[in-house]
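Asks: The structure is given below, and queries will be raised subsequently.
Numbering (our numbering), first residue to last: 13 to 380.
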């Protein structure tokens, strides 16, 4: 898979670099004469430099450059279509066309950044066929990716959302940190993160994702940062929450799995062996890769992330093709599955065809 991603990235960078060169030559034509070959060579050299960096592990810089190229290409396609339409109706304005093309690119980038940093709250009610004396309000905030691009401001906003939505339990199914705790520590995020964890009335439950597990030394620091905040971290474990709401007793089972990057993680069926499934049961599983195995078990709700809903168009369609549930909510064989696009993002702050989000899920059971 890694080789495929690298190969596709290489092809896209070269193709889009050439496309960018053609756009630049067109844009400059009224002002200065430049040769396509010269500009194309320049951008192909730049693209090749980013490719070399990609093969040496500079994923963020290289894929960030690719994302910028892609947004330029999308804006160029839209601009070309609208300019062709304008010419068909007899409108000619070489300078106006070029200003419009540049404005289209700036607008598309602005929209992508807005979608990344402006989370939407999505509401969902799920009915479970198990005793629940009062509805329980759950918040799902996956893929926070705390790091260089997501920090204290976003944490403060998340805490405010949780308080405003009157949440009972917060679910954090993985990729809490962005590979390590360097920026978490450097920007002193611990207090704001603790405020997020303390915002729900009952508890905050976390599990780990692939970005929490990539580096052994970072994994230990990430684990400590999560547990120091007083969140309940479930590493292939289950916890039974018992609390009262409006004077009525509530009991929930919550299971948290390691991401499948962890070679020794237990199957969900083994974790269910320690659970009294007569109570509503919630599973945190970072990747939605084992949905069909999980829905065969007496699990009422699975929450996942990882896919980011593709993050940038058209990857949202690819995610949909590759997963049973790549994004959103679906009920399968009695189990509700919710896959979030995530509260944060990976790499650069671009989202197109997706938006950062928090799900507020009202779980309703049958009266005892």
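In this text, a Cβ means the ideal position worked out from N, Cα and C, and glycines have one as well.
If the criterion is Cβ atoms closer than 8 angstroms, does the pair residue 337 and residue 139 meet it?
Replies: Translated into the one-based positions of the chain shown, residue 337 becomes position 325. Translated into the one-based positions of the chain shown, residue 139 becomes position 127. No.
Asks: Assuming contact is defined by CB atoms lying nearer than 8 angstroms, are residue 158 and residue 101 in contact in what I supplied?
Replies: The residue you call residue 158 lines up with position 146 of the chain shown. The residue you call residue 101 lines up with position 89 of the chain shown. Going by C-beta atoms, residue 158 is not nearer than 8 angstroms to residue 101.
Asks: What is the DSSP secondary structure of residue 112, counted as helix, strand or coil?
Replies: Against the chain shown, residue 112 aligns to sequence position 100. Helix at residue 112.
Asks: Where does residue 314 sit, in a helix, a strand or coil, going by DSSP?
Replies: Translated into positions along the chain shown, residue 314 becomes position 302. Note: residue 314 maps to strand in three-state DSSP.
Asks: Is it the case that the region 177-195 contacts the region 315-323, given that we only count it when at least three CB pairs across the two stretches are under 8 angstroms?
Replies: With the cut-off at 8 angstroms, the region 315-323 and the region 177-195 touch.
Asks: Tell me whether residue 42 is buried or exposed, calling it buried when 16 or more other Cβ atoms sit within 10 Å of its Cβ.
Replies: Position 30 of the chain shown, counted from the start, is the residue given in the question as residue 42. So residue 42 ends up on the exposed side.
Asks: Which same chain residues, not among the five before or five after residue 289, have their C-beta less than 6 angstroms away from its C-beta?
Replies: Reading the chain shown from its first residue, position 277 is the one you call residue 289. Only 310 meet the Cβ criterion.
Asks: Quick one: is residue 93 buried, meaning 16 or more other Cβ sit within 10 Å of its Cβ, or exposed?
Replies: Start at 1 with the first residue of the chain shown, and residue 93 comes out as number 81. Result: exposed.
Asks: In terms of residue numbering, what span does the alpha helix (DSSP H) encompassing residue 284 cover?
Replies: Here residue 284 corresponds to residue number 272 of the chain shown, with the count starting at 1. 280-284 is the span of the alpha helix (DSSP H), which, as asked, contains residue 284.
Asks: Taking just the CA atoms, how far does residue 373 sit from residue 150?
Replies: Position 138 of the chain shown holds residue 150. Position 361 of the chain shown holds residue 373. Distance between the alpha carbons of residue 150 and residue 373 is about 5 angstroms.
Asks: Contact defined as beta carbons within less than 8 angstroms: I believe residue 298 pairs with residue 222. What is the distance between those atoms, to the nearest angstrom?
Replies: Position 286 of the chain shown, counted from the first residue, corresponds to residue 298. Position 210 of the chain shown, counted from the first residue, corresponds to residue 222. Confirmed, Cβ separation roughly 7 angstroms.
Asks: Out of 213, 189 and 214, point me to the one whose CA is closest to residue 202's CA.
Replies: As a working note, residue 202 is residue 190 in the chain shown. Nearest of 213, 189 and 214 to residue 202, Cα basis: 189.
Asks: Where does residue 166 fall in DSSP's three states?
Replies: Here residue 166 is taken as the residue at index 154 of the chain shown, counted from 1. Correct three-state label for residue 166: helix.
Asks: Kindly indicate which three-state DSSP category residue 304 falls into: helix, strand or coil?
Replies: Looking up residue 304 in the chain shown gives position 292. Looking at residue 304 - three-state DSSP - the assignment turns out to be helix.
Asks: Short check: CB of residue 378 to CB of residue 143, under 8 angstroms?
Replies: Residue numbering aside, residue 378 sits at position 366 when the chain shown is read from its first letter. Residue numbering aside, residue 143 sits at position 131 when the chain shown is read from its first letter. Taking 8 angstroms as the Cβ cut-off, residue 378 and residue 143 qualify as a contacting pair.
Asks: In the structure shown, what three-state DSSP assignment does residue 377 receive?
Replies: Stepping through the chain shown from its first residue, residue 377 is reached at position 365. Of the three classes helix, strand and coil, the one that applies to residue 377 here is strand, per DSSP.
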